[in-house]
Amino acid sequence: MSERITLALPSKGAMADPTFEFLKSCDLKVSQTNPRQYTATLPSLPQVDVLFQRVNDIVYKIADGTVDIGITGLDVVHELVGTETDVVILHENLRYGRCQLVLAVPETWLDVECMADIADIAMELRETKHRNLRVATKFTNLARQFLHQHGVHHFTLVEAEGAIEAAPTLGYADIIIDLSATGTTLRENHLKPLTDSVLLDSTACMVGNLRKLKQSKVMQETVQSMLEVFDATLNGQNYYQLRTNICGESAESVAQAVVAHPATRGLQGPTLSPIYSPPNGSDSTMQWFTVTLIVRSKDLMPAVSHLRAIGGAQTTVLPVRYVFMTQSPSYQRVMKMLK
-11 MSERITLALP
-1 SKGAMADPTF
9 EFLKSCDLKV
19 SQTNPRQYTA
29 TLPSLPQVDV
39 LFQRVNDIVY
49 KIADGTVDIG
59 ITGLDVVHEL
69 VGTETDVVIL
79 HENLRYGRCQ
89 LVLAVPETWL
99 DVECMADIAD
109 IAMELRETKH
119 RNLRVATKFT
129 NLARQFLHQH
139 GVHHFTLVEA
149 EGAIEAAPTL
159 GYADIIIDLS
169 ATGTTLRENH
179 LKPLTDSVLL
189 DSTACMVGNL
199 RKLKQSKVMQ
209 ETVQSMLEVF
219 DATLNGQNYY
229 QLRTNICGES
239 AESVAQAVVA
249 HPATRGLQGP
259 TLSPIYSPPN
269 GSDSTMQWFT
279 VTLIVRSKDL
289 MPAVSHLRAI
299 GGAQTTVLPV
309 RYVFMTQSPS
319 YQRVMKMLK
């Protein structure tokens, strides 16, 4: 039998559907015959078996070698992975599932603005009420490291699941450390983050078992295929393709007019194609050209404005699906790691 590679994907929660959509955008659509099944396939990569798991379990199964590669949250990886592990991050930022792990306090703590204030409160609770600052969180490892780094040493971590934001109101914790995507849930529960209380900026990431990656040529090829298309897809999100018609004396003069503005210099400059126009008695020294160029997303409107100013007509704009560079930066980092 040929070697099989197991890819673990989130089975439910906020990351499940976005992961499906991201893979679909990369032409790695997941084929699942029954939505209740915990297995599926990737027709584009026939050697891959898909296994649906909870985001935490994905990390555990990669650590013990049950799963080869997986997509989960960066917050989960940093929380669960110690220094002595085979779990390695293959792609740190897939640009979805964005959130922050933050420390938040009740809005009634008006004078508390930064972590130095939290250290003072923890010391005051210890000296006056003879108890520790109570911190509700499910990220106990990251919370412990963060609090110690900011000089907070007298605290008790209250492990909590579910509605952690309600802990201060219910009275079983003083403050919380939890994930926040927009801050709305914090505000609705009368909590506020501090100016320096972000523990981690998290997104979806791709992880793998380093030991198996070193040993398996099939796994290396699979990881390369996935990282190549991931990088190309994410690069493509940064660009648009513009096409317009411009009249000029020559291709050189039109090209010089196009690149006169920084926004229209694109990835490598414009491509010009002559447009055939039947003789009509007009000025024969002028000719129409179709100009095609790739511009950064942030430069779209400045580029359109410049093309209009130099005579561009009927400018069309198309999204760019893939931009394959000379090498995949993500896979190059993996190769350096393996060496």
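Residue numbers for the sequence shown follow this note's numbering, so the first one is -11 and each next one is one higher.
C-beta atoms are modelled at their ideal positions from N, C-alpha and C, and glycine is treated no differently.
- Within the DSSP bridge table, the entry for I59 names M194 as partners.
- Contact check for Y319 against L215 passes: the beta carbons are separated by less than 7 Å.
- Excluding residues up to 5 positions away in sequence, H249, A251, T252 lie with their Cβ nearer than 7 Å to the Cβ of H294 in the same chain.
- When the Cα atoms are used, V100 and L39 turn out to be separated by approximately 45 Å.
- For A243, the enclosing alpha helix (DSSP H) covers residues 239 to 246.
- In the structure shown, K205 falls within a helical segment according to DSSP collapsed to helix, strand and coil.
- Beta-bridge pairing by DSSP links P262 to F277.
- When C-alpha distances from D189 are compared across P23, D37, L89, the shortest belongs to L89.
- Inter-segment contact for the segment 216 to 223 and the segment 98 to 115 is absent: fewer than three beta-carbon pairs are separated by less than 8 Å.
- In this structure, the CA atom of V305 is about 5 Å from the CA atom of L230.
- Under the rule that a run must span 3 or more residues, the beta strand (DSSP E) segments found entirely inside the segment 0 to 87 read 27 to 29, 36 to 41, 57 to 61, 75 to 79.
- Note: C102 is not bridge-paired with any residue in the DSSP secondary-structure output.
- Counting along the chain, P(-2) sits inside the beta strand (DSSP E) bounded by residues -7 to -2.
- Rounded to whole angstroms, V36 and A51 show a C-alpha spacing of 19 Å.
- Around the beta carbon of I165, 16 or more other beta carbons lie within 10 angstroms, which makes this residue buried.
- The straight-line gap separating the alpha-carbon atoms of N197 and E115 is approximately 47 Å.
- Inter-residue distance for H136 and K117 is about 21 Å (C-alpha atoms, whole angstroms).
- T60 has its alpha-carbon roughly 15 Å from the corresponding atom of F218.
- DSSP places E149 in the coil class of the three-state scheme, outside both helix and strand.
- If you draw a straight line from the Cα of V283 to the Cα of K0, it is about 37 Å long.
- Close CB contacts of V18 within its chain, under the 8 Å cut and outside five residues either way in sequence, are with L(-3), F8, L11, K12, A28, T29, L30, V38 (chain order).
- Two segments are said to touch when three or more pairs of C-beta atoms, one from each, lie closer than 8 Å; by this definition the segment 42 to 56 does not touch the segment 173 to 193.
- DSSP, reduced to helix, strand and coil, places F127 outside both helices and strands of the structure shown, so it counts as coil.
- Distances from the CA of E149 to each of H142, R119, Y160 were compared; the closest alpha carbon is that of Y160.
- Here S185 is buried, its C-beta having at least 16 other C-beta atoms within 10 Å.
- If you draw a 10 Å sphere on the C-beta of S261, you find fewer than 16 other C-beta atoms in it, and that means exposed.
- L145 places its beta carbon less than 7 Å from that of A131.
- Beta-bridge pairing by DSSP links F143 to L121.
- With respect to G300, C235 sits apart: the two C-beta atoms are not nearer than 7 Å.
- Taking all protein chains shown into account, G257 has fewer than 16 neighbouring C-beta atoms within 10 Å of its C-beta and is therefore exposed.
- Excluding its 5 nearest sequence neighbours in each direction, Y310 has C-beta neighbours in its own chain below 8 Å: V217, A220, T221, N223, G224, listed in chain order.
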